[in-house]
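Single-structure report; data block below.
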């Protein structure tokens, strides 16, 4: 889990840097597609034996997860990285609500942990929501839907094949969306820093982070994996304030304490489970 926290805690500031001079959807799509092609090159036989149903399920999840992340990158053109990370931190609440709709009654202690964490997010936000904040919130809901689908489905190939298909499908859809919205028509002069951020997102966020996320979802509980949403905002905010010089929030400490408490109690309460789905590589 620590590796995932580090990968994605740095991704929000990296997205903010990338979209300064690169088109949001197209650049995100290029990063994901490049990462998927690298995985395919490293293991050319990864998709051998994957049937149409498995491919379609993995592709649909990839579009949910990566489409949501591309949308967050789009919002970060006008939204601080720390703010975007904090809004996305509502993921555990969305996961709990979706599972409840699907018939899984959450324990009272679990609901309390999620609500405490969400209270911390509300304290950290501390400002009136704007249109892009709601866009990020919607992206978080779509990401949660992809998370729940990943855990509940039994129609996925092994982790390597699943990650490859998701990166390729999500990256392709974002590239098409970027072209359809005319992002490439008025392409500014990209700076070297934005190119570095793009490369960082391809290697660390996509290859390392997304691979870890997919593997953890297949080997442990969705509730435990979703606790990354509490830690990632703290890392993103610290980087945003200390390195990127974004305005600090006076209520940061109180919100951070609530989030850390939620993470600690969630991790201690959840035990890794054995996944019964096909986990061949």
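In the UniProt record's numbering, the protein residues as written are 1 to 281.
C-beta atoms are modelled at their ideal positions from N, C-alpha and C, and glycine is treated no differently.
These numbers come from a predicted model, not from an experiment.
For residue 75, count neighbouring C-beta atoms within 10 Å of its own C-beta (all shown protein chains included) and say buried if the count is 16 or more, exposed if not.
The residue given as residue 75 occupies position 75 in the chain shown. Its Cβ being crowded by 16 or more others within 10 Å, residue 75 is buried.
Alpha-carbon spacing of residue 241 relative to residue 155, whole angstroms:
The count along the chain shown starts at 1 and reaches residue 241 at position 241. The count along the chain shown starts at 1 and reaches residue 155 at position 155. Distance between the alpha carbons of residue 241 and residue 155 is about 42 angstroms.
Do the region 9-26 and the region 55-64 touch if we need at least three Cβ pairs shorter than 8 angstroms?
As far as the Cβ criterion goes, the region 9-26 does not touch the region 55-64, which means the pair count is below three.
Need the endpoints of the alpha helix (DSSP H) that residue 99 sits in, please.
Here residue 99 is taken as the residue at index 99 of the chain shown, counted from 1. Start and end: 91-101.
What's the call for residue 157, buried or exposed, on a 16-neighbour Cβ count within 10 Å?
Mapped onto the chain shown, residue 157 falls at position 157. Buried, because 16 or more other Cβ atoms sit within 10 Å of the Cβ of residue 157.
contact_flag[the region 65-84, the region 116-123] where n(CB pairs < 8 angstroms) is 3 or more
In this structure the region 65-84 does not lie against the region 116-123, because fewer than three pairs of beta carbons, one per stretch, are closer than 8 angstroms.
Below 6 angstroms CB to CB, which residues in the same chain sit around residue 181 once its five sequence neighbours on both sides are set aside?
Numbered from 1 along the chain shown, position 181 holds the residue referred to as residue 181. Correct list: empty, nothing qualifies.
Measure the C-alpha to C-alpha separation of residue 209 and residue 231 and round it to an integer number of angstroms.
Within the chain shown, residue 209 is the residue found at index 209, counting from 1. Within the chain shown, residue 231 is the residue found at index 231, counting from 1. Using only the alpha carbons, I get a separation of about 14 angstroms.
Does the region 158-165 come close enough to the region 17-33 that 3 or more CB-CB pairs lie under 8 angstroms?
no
Apart from the five residues just before and just after residue 47, which ones in its own chain have a Cβ nearer than 6 angstroms to its Cβ?
For the purposes of this step, residue 47 is taken as residue 47 along the chain shown, with counting starting at 1. Counting only Cβ-Cβ distances below 6 angstroms, and skipping sequence neighbours, we find 161.
Please give me, in chain order, every unbroken run of the beta strand (DSSP E) with length at least 3 that falls completely inside the UniProt domain "EamA" (132-264).
none
Residue 78 and residue 132 look like a contact to me (Cβ under 8 angstroms); what is the Cβ gap, rounded to whole Å?
Position 78 of the chain shown, counted from the start, is the residue given in the question as residue 78. Position 132 of the chain shown, counted from the start, is the residue given in the question as residue 132. With a Cβ gap of about 6 angstroms, residue 78 and residue 132 count as contacting.
Beta-carbon proximity check, residue 61 vs residue 149, cutoff 9 angstroms:
For the purposes of this step, residue 61 is taken as residue 61 along the chain shown, with counting starting at 1. For the purposes of this step, residue 149 is taken as residue 149 along the chain shown, with counting starting at 1. Result yes, Cβ atoms of residue 61 and residue 149 sit closer than 9 angstroms.
For residue 259, I'd like the list of residues in its chain whose CB is within less than 8 angstroms of its CB, leaving aside the five on either flank, ordered along the chain.
What you label residue 259 is simply residue 259 of the chain shown in a count that begins at 1. Contacts found: 89, 117, 120, 121, 124, 230, 231, 233, 234.
Can you tell me where the alpha helix (DSSP H) holding residue 2 begins and where it ends?
Walking along the chain shown from the start, residue 2 turns up at place 2. Per DSSP, residue 2 belongs to the alpha helix (DSSP H) from 2-9.
On the criterion of 16 or more Cβ atoms from any shown chain inside 10 Å, does residue 101 qualify as buried, or is it exposed?
For this step, residue 101 is matched to residue 101 along the chain shown. The residue is exposed, with fewer than 16 neighbouring Cβ atoms inside 10 Å.
Output needed for residue 31: all residues of its chain with C-beta closer than 7 angstroms, excluding positions within five of it in sequence on either side, in chain order.
Residue numbering aside, residue 31 sits at position 31 when the chain shown is read from its first letter. Around residue 31: 198, 201, 202, 206.
Can you name, in chain order, every residue of its own chain whose Cβ lies under 6 angstroms from the Cβ of residue 99, other than the five neighbours on each side?
Here the question's residue 99 lines up with position 99 in the chain shown. Within the same chain, residue 99 has no close Cβ partners at all.
For residue 186, count the other beta carbons within 10 Å of its own beta carbon; 16 or more makes it buried, fewer makes it exposed. Which is it?
In the chain shown, counting from the first residue as 1, residue 186 sits at position 186. The residue in question, residue 186, is exposed, as its Cβ has fewer than 16 Cβ neighbours within 10 Å.
First through last residue of the alpha helix (DSSP H) which encompasses residue 62:
Indexing the chain shown from 1 puts residue 62 at position 62. From DSSP, the alpha helix (DSSP H) with residue 62 extends over 52-75.
Just the Cα atoms here: how many angstroms apart are residue 80 and residue 140?
By 1-based counting over the chain shown, the position of residue 80 is 80. By 1-based counting over the chain shown, the position of residue 140 is 140. Whole-angstrom Cα-Cα distance: 16 angstroms.
Alpha carbon to alpha carbon, how far is residue 137 from residue 104?
Taking the first residue of the chain shown as position 1, residue 137 is located at position 137. Taking the first residue of the chain shown as position 1, residue 104 is located at position 104. Spanning the two alpha carbons is a distance of roughly 23 angstroms.
Below 8 angstroms on the Cβ atoms is my contact criterion, and I expect residue 153 with residue 95 to pass it. Report the Cβ-Cβ distance as a whole number of Å.
In the chain shown, counting from the first residue as 1, residue 153 sits at position 153. In the chain shown, counting from the first residue as 1, residue 95 sits at position 95. Residue 153 to residue 95, Cβ: 15 angstroms. No contact.
From residue 254 to residue 184, what distance separates their C-alpha atoms?
For the purposes of this step, residue 254 is identified with residue 254 of the chain shown, where counting begins at 1. For the purposes of this step, residue 184 is identified with residue 184 of the chain shown, where counting begins at 1. When rounded, the distance between both Cα atoms is 42 angstroms.
Just checking my contact of residue 8 with residue 91 at CB under 8 angstroms: how many whole Å lie between their CB atoms?
Working through the chain shown from its first residue, we reach residue 8 at position 8. Working through the chain shown from its first residue, we reach residue 91 at position 91. Not confirmed; about 11 angstroms, so no contact.
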